[in-house]
Amino acid sequence: MAASLPNDVLVRFSNVQKSYDGENLIVKDLNLEIRKGEFLTLLGPSGSGKTTSLMMLAGFETPTAGLIELGGRSLNNVPPHKRDIGMVFQNYALFPHMTVAENLAFPLTVRRVAKSDIGTRVKRALSMVQLEKFGTRYPGQLSGGQQQRVALARALVFEPQLVLMDEPLGALDKQLREQMQMEIKHLHQRLGVTVVYVTHDQSEALTMSDRVAVFHQGEIQQIDSPQGLYEHPKNTFVANFIGENNRLSGTMVSRSGDRCEVELPNGERVSAMAIHQAEPGAPVSLSVRPERVQLNGHSVDNANRFSGRVQEFIYLGDHVRIRVEVCGSSGFIVKQPISDLAPTLAVGDVIPLGWHVEHVRALDPLELAQ
1 MAASLPNDVL
11 VRFSNVQKSY
21 DGENLIVKDL
31 NLEIRKGEFL
41 TLLGPSGSGK
51 TTSLMMLAGF
61 ETPTAGLIEL
71 GGRSLNNVPP
81 HKRDIGMVFQ
91 NYALFPHMTV
101 AENLAFPLTV
111 RRVAKSDIGT
121 RVKRALSMVQ
131 LEKFGTRYPG
141 QLSGGQQQRV
151 ALARALVFEP
161 QLVLMDEPLG
171 ALDKQLREQM
181 QMEIKHLHQR
191 LGVTVVYVTH
201 DQSEALTMSD
211 RVAVFHQGEI
221 QQIDSPQGLY
231 EHPKNTFVAN
241 FIGENNRLSG
251 TMVSRSGDRC
261 EVELPNGERV
271 SAMAIHQAEP
281 GAPVSLSVRP
291 ERVQLNGHSV
301 DNANRFSGRV
311 QEFIYLGDHV
321 RIRVEVCGSS
331 GFIVKQPISD
341 LAPTLAVGDV
351 IPLGWHVEHV
361 RALDPLELAQ
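So that you can map any letter, position 115 of the sequence shown is 115 in the numbering used here, and since no number is skipped, the others follow by simple counting.
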């Protein structure tokens, strides 16, 4: 008998492992608690274990070891259709020979819902995704975005306590994808259902989620709010994978409390937040976000102040990315709103630039983060 879960926890993975060949673990000792009503995204590159973890929760894969619980009940021997879980796939998986209404009625029929209730529930689900007038159409008569809405409605129609989404927007173009991100987010807020979402698109994860679990090589590297992951990455992999990041390799010189001094290969020194517990003489990787770097007069009060040569401007409408050669790195990026850009700044200019101590993090050395 599984132990009862805390009131706010709906799903728990305890020491879950998955191997397909008995040797290599795709998922290593996964311990994860998913809270009732939260939108949790599993984010990571291909092969990191995020989809396998989702498929084990759905029941399409069996854990090699460990326990998965839903509402305090072990799921290990429960078949997928008895788990009370809605599922949305990237390829929609709609039945082409059924109308939209029939597609939505299918999960209700399988669950032996009374016929008198089915029509009402289908209608409610269609209005939820703004497709009230499309019930008699077939999937082939719908656009990609409409098909995705039907797939979403079908996952929600039987009012499951948990909805799993596997790269559901991967097949849509950028504009429609962004629109659907907001629709799914607002739908989640309205219904209060628990959502576990898988994507390799970090901006999608940051936009939609309450929390994000970053996977790499079968393990969760960090689980946090989008802001927490971006502003306070715990290691170099997370810093590089979430958003844009400037990396500088150096050697720890000294550490005092939560601050440290790091020496770069060219002899320059950087004061940083000591996140990685390295001893003096050990290699570290520094992480600085491009929008945290200040130029010219704005850098006067920065503890870390250097001289940089402007290499390139990359205009992106509302902001500009400036590539600068600084601290021995020729690929250092500074991000500036267009309104802050000095109009006289030109390629080849040598300018002062800097950043505050709290905006540079000394993390594990780069070679360990690959």
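No residue lacks a Cβ here, since even glycine has one placed at the ideal position from N, Cα and C.
Query - Within 7 Å, strictly: CB atoms of residue 224 and residue 198 - result: Result no, Cβ atoms of residue 224 and residue 198 do not sit closer than 7 Å.
Requested in this report: Mind checking which residues open and close the beta strand (DSSP E) that includes residue 117?
Outcome: Taken as a continuous stretch (DSSP letters only), residue 117 belongs to no beta strand (DSSP E), being part of the alpha helix (DSSP H) at 115–128.
Requested in this report: Can you check DSSP and say which residues form a bridge with residue 324?
Outcome: Paired residues: 310 and 332.
**Report entry** Environment of residue 338 [buried if 16+ CB atoms lie within 10 Å]
**Finding:** Of the other Cβ atoms in all chains shown, fewer than 16 fall within 10 Å of the Cβ of residue 338; this residue is therefore exposed.
Query raised in the report: According to the Cβ coordinates, are residue 262 and residue 309 closer than 7 Å?
Result: Going by C-beta atoms, residue 262 is not nearer than 7 Å to residue 309.
Requested in this report: Step through the CB atoms of chain C and report whether any lies within less than 7 Å of the CB of residue 169.
Outcome: Considering every chain present, this structure includes no chain C. It has just one protein chain.
Query - Nearest-angstrom Cα separation, counted from residue 173 out to residue 85 - result: C-alpha separation (whole angstroms): 28 Å.
Query - Three-pair Cβ contact test at 8 Å for the stretch 51–68 versus the stretch 9–17 - result: They touch, by the three-pair rule.
Requested in this report: Keeping to the same chain, check which residues put their C-beta closer than 8 Å to that of residue 346; ignore five residues upstream and five downstream.
Outcome: Result list for residue 346: 310, in chain order.
Query raised in the report: Are residue 251 and residue 285 close, meaning C-beta to C-beta below 7 Å?
Result: No, they are not a contact pair.
Query - Buried versus exposed call for residue 374 [16 or more other C-beta atoms within 10 Å across all chains shown] - result: Absent from the model: residue 374. The displayed extent of the chain is 1 to 370, so no value can be given.
Query raised in the report: What is the DSSP secondary structure of residue 35, counted as helix, strand or coil?
Result: In the structure shown, residue 35 sits in a strand (DSSP, three-state: E or B).
Query raised in the report: From residue 352 to residue 318, what distance separates their C-alpha atoms?
Result: Distance between the alpha carbons of residue 352 and residue 318: 23 Å.
Query raised in the report: Apart from the five residues on each side of it in sequence, which residues of its chain come closer than 6 Å, Cβ to Cβ, to residue 131?
Result: Counting only residues of its own chain and dropping the five nearest sequence neighbours on each side, residue 131 has a CB closer than 6 Å to the CB of 149.
Requested in this report: Per DSSP, which residues does residue 18 bridge with? Please list them.
Outcome: Answer by DSSP bridge pairing, in chain order: 27.
**Report entry** Integer-rounded CB distance, given that residue 195 should sit under 8 Å from residue 205
**Finding:** Actually they are not in contact, since the Cβ atoms of residue 205 and residue 195 sit about 12 Å apart, beyond 8 Å.
Query raised in the report: So which of 341, 306 and 193 has the shortest CA-CA distance to residue 35?
Result: With distances taken between Cα atoms, residue 35 lies closest to 193.
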